[in-house]
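In what follows, a structure is listed as structure tokens, so that the remarks can point back to it.
There are 2 protein chains.
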Amino acid sequence: MKYNRHAKILDIIENYEIETQDDLAEKLRESGMDVTQATISRDIKELRLVKVLSSGGKYRYSAMNSDGGNMNDRLLVIIKEAYVSCDYANNILVIKTLPGMAQAVAATLDALGWNDIVGTIAGDDTMMVVCRAEKIAEDLMDKLTRMVRGVS
Amino acid sequence: MKYNRHAKILDIIENYEIETQDDLAEKLRESGMDVTQATISRDIKELRLVKVLSSGGKYRYSAMNSDGGNMNDRLLVIIKEAYVSCDYANNILVIKTLPGMAQAVAATLDALGWNDIVGTIAGDDTMMVVCRAEKIAEDLMDKLTRMVRGVS
DNA sequence: ATATGTTTTGCATATTAATACAAGCAAAAC
DNA sequence: GTTTTGCTTGTATTAATATGCAAAACATAT
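The listed protein sequences derive, respectively, from chains A and B. Our numbering applies: residue 3 is where the first sequence begins, and numbers increase by one. Our numbering applies: residue 3 is where the second sequence begins, and numbers increase by one.
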């Protein structure tokens, strides 16, 4: 359940101004994930999130865009966990995952903040990535399949 | 004294693994700057520093490289505060500042993490920036003079 | 020199975050 | 089937950080 939660956390901090770990706990609870502040402290450490000062002068948890390759590791773990198959047409990449895991993959891809990715959308076991160009979709598919096969 | 301290803080966190605000207070004390944790908390807020997880698994304060233009603001304030004059020869930019402020400007420039800047060195009221190329030095001088004149 | 407004700071404290420890679980090993 | 091992979590606690408030420091006008 941990990786789902991590993904949800990435999702939450992107869409809400989360000031404290308790705020985050609350939001997770609303999603049916019941954890304590202690666990969240550990999640935040693992995800390498940081507390930044938002423009409004308040603190806010955030996934630094480009944190030295760490999010890539995260993607690796989640992909290995969730991946089923992958294909693309034109600039759209479609990723099939285990049931319930599509959100996790999408949130992680989002957190990477890649400019070449226009956006993602996720259902339950399928997600789509809108890429800037067909070439990007192809490259991303390659990258993912290599990840799953354990090739660096 | 505040801007000097801010500069020193930037300097310290770059050169030491600062885990807590108390650690930072200690290092500042070694430099003859005597402040409490409370002040440092406020400094960290103003400088928009973040606590990141270092590769060694420990937390560490850091100035995110490229935090959405905020360090630029910081540079702006410090430049307005300290700037006297500026000139360059070849790829070396020389900045004259008010007495004692050269370190502040240098640390702030360092914190920007610009690739085009090879390095900086600061005395008391003069500092030098070694740029990757003459063009860079020229651009930087322009940027600084525009800053001082209040032109964006 | 004195008053007045602004900024910076420390103190004390409230709030927030990290962690030692033990318990619970599940998979692997025996 | 039992034991071992490794991982995740909550509890309780400690550690770290943020902030309200008053005092001090500074600047500026009178």
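C-beta: ideal position from N, C-alpha, C; glycine also.
Original post:
Is the CB-CB distance between Ala124(A) and Ala135(A) below 7 angstroms?
Top reply: As a first step, residue 124(A) must be located in the first sequence, where it is residue number 122. As a first step, residue 135(A) must be located in the first sequence, where it is residue number 133. Taking 7 angstroms as the Cβ cut-off, Ala124(A) and Ala135(A) do not qualify as a contacting pair.
Subject >> Short CB-CB distance (under 7 angstroms) between Leu146(B) and chain A >> reply: If you number the second sequence from 1, residue 146(B) lands on position 144. Output row for Leu146(B): interface = no.
Original post:
Looking only at DSSP bridge pairs, what is Gly121(A) linked to?
Top reply: Start at 1 with the first residue of the first sequence, and residue 121(A) comes out as number 119. Residue pairing from DSSP places Gly121(A) in a beta bridge opposite Val132(A).
Original post:
Does the beta carbon of Arg50(A) sit closer than 7 angstroms to a beta carbon anywhere in chain B?
Top reply: On the first sequence, residue 50(A) is found 48 positions in, with the first residue counted as 1. Yes, contact with chain B.
Subject >> Contacts of Leu55(A) in chain B (Cβ-Cβ under 7 angstroms) >> reply: Here residue 55(A) is taken as the residue at index 53 of the first sequence, counted from 1. Here the neighbours are Lys47 and Arg50.
**OP:** Could you check the C-alpha separation between Leu183(B) and Gln105(B) for me, to the nearest Å?
**Re:** Residue 183(B) lies beyond the stretch modelled for chain B, which goes from 3 to 154, so this question has no answer here.
Original post:
Run through DSSP, which three-state label would Met3(B) get?
Top reply: Against the second sequence, residue 3(B) aligns to sequence position 1. Of the three classes helix, strand and coil, the one that applies to Met3(B) here is coil, per DSSP.
Subject >> Proximity below 7 angstroms, CB of Met149(A) to CB of Ile97(A) >> reply: Translated into positions along the first sequence, residue 149(A) becomes position 147. Translated into positions along the first sequence, residue 97(A) becomes position 95. The answer is no: Cβ separation not under 7 angstroms.
**OP:** Starting from the C-beta of Ser56(B), find all residues in its chain whose C-beta is less than 6 angstroms away, skip the five residues before and the five after it, and write them out in chain order.
**Re:** By 1-based counting over the second sequence, the position of residue 56(B) is 54. Around Ser56(B), the same chain offers Arg62 as residues with beta carbons nearer than 6 angstroms, after the five sequence neighbours per side are excluded.
Subject >> Contacts that Met66(B) makes with chain A (C-beta to C-beta distance below 7 angstroms) >> reply: Here residue 66(B) is taken as the residue at index 64 of the second sequence, counted from 1. The contacting residues are Met66.
Original post:
What residue range is occupied by the uninterrupted alpha helix (DSSP H) comprising Leu100(B)?
Top reply: Your numbering for residue 100(B) matches position 98 in the second sequence. Counting along the chain, Leu100(B) falls outside any alpha helix (DSSP H), and DSSP gives it neither H nor E.
Original post:
Between the Cα of Leu95(B) and the Cα atoms of Ala84(B), Asp36(B) and Asp141(B), which residue gives the shortest distance?
Top reply: Residue mapping note: residue 95(B) aligns to position 93 of the second sequence, counting from 1. Residue Asp141(B) holds the alpha-carbon nearest to the alpha-carbon of Leu95(B) among Ala84(B), Asp36(B) and Asp141(B).
Original post:
Can you list, in chain order, the residues of its chain whose CB lies under 7 angstroms from that of Asp126(B), leaving out five sequence neighbours each side?
Top reply: Here residue 126(B) is taken as the residue at index 124 of the second sequence, counted from 1. Pro101, Gly102 and Ala104, listed in sequence order.
**OP:** Return yes when the Cβ of Ala65(B) is within less than 7 angstroms of the Cβ of Leu51(B), no when it is not.
**Re:** Counting from one through the second sequence, the residue named residue 51(B) turns up at place 49. Counting from one through the second sequence, the residue named residue 65(B) turns up at place 63. In this structure, Ala65(B) lies closer than 7 angstroms to Leu51(B) by Cβ.
**OP:** Report the three-state DSSP secondary structure of Lys60(B) (helix, strand or coil).
**Re:** Along the second sequence, read from residue 1 onward, the residue named residue 60(B) stands at position 58. It is coil, neither helix nor strand.
Original post:
Hey, how far is the Cα of Cys88(B) from the Cα of Cys133(B)?
Top reply: Position 86 of the second sequence, counting from 1, holds the residue named residue 88(B). Position 131 of the second sequence, counting from 1, holds the residue named residue 133(B). In a straight line, the C-alpha of Cys88(B) is about 14 angstroms away from that of Cys133(B).
Original post:
For Ser43(B), does the three-state DSSP call read helix, strand or coil?
Top reply: Taking the second sequence and counting its residues from 1, the one referred to as residue 43(B) is at position 41. Looking at Ser43(B) - three-state DSSP - the assignment turns out to be helix.
Original post:
Around the Cβ of Thr122(A), are there at least 16 other Cβ atoms within 10 angstroms (buried) or fewer (exposed)?
Top reply: What you label residue 122(A) is simply residue 120 of the first sequence in a count that begins at 1. Classification of Thr122(A): buried, given that the 10 Å Cβ count is 16 or more.
**OP:** May I ask you to report which of helix, strand or coil DSSP gives Ala65(A)?
**Re:** As a first step, residue 65(A) must be located in the first sequence, where it is residue number 63. In this structure, Ala65(A) counts as coil in the three-state DSSP scheme.
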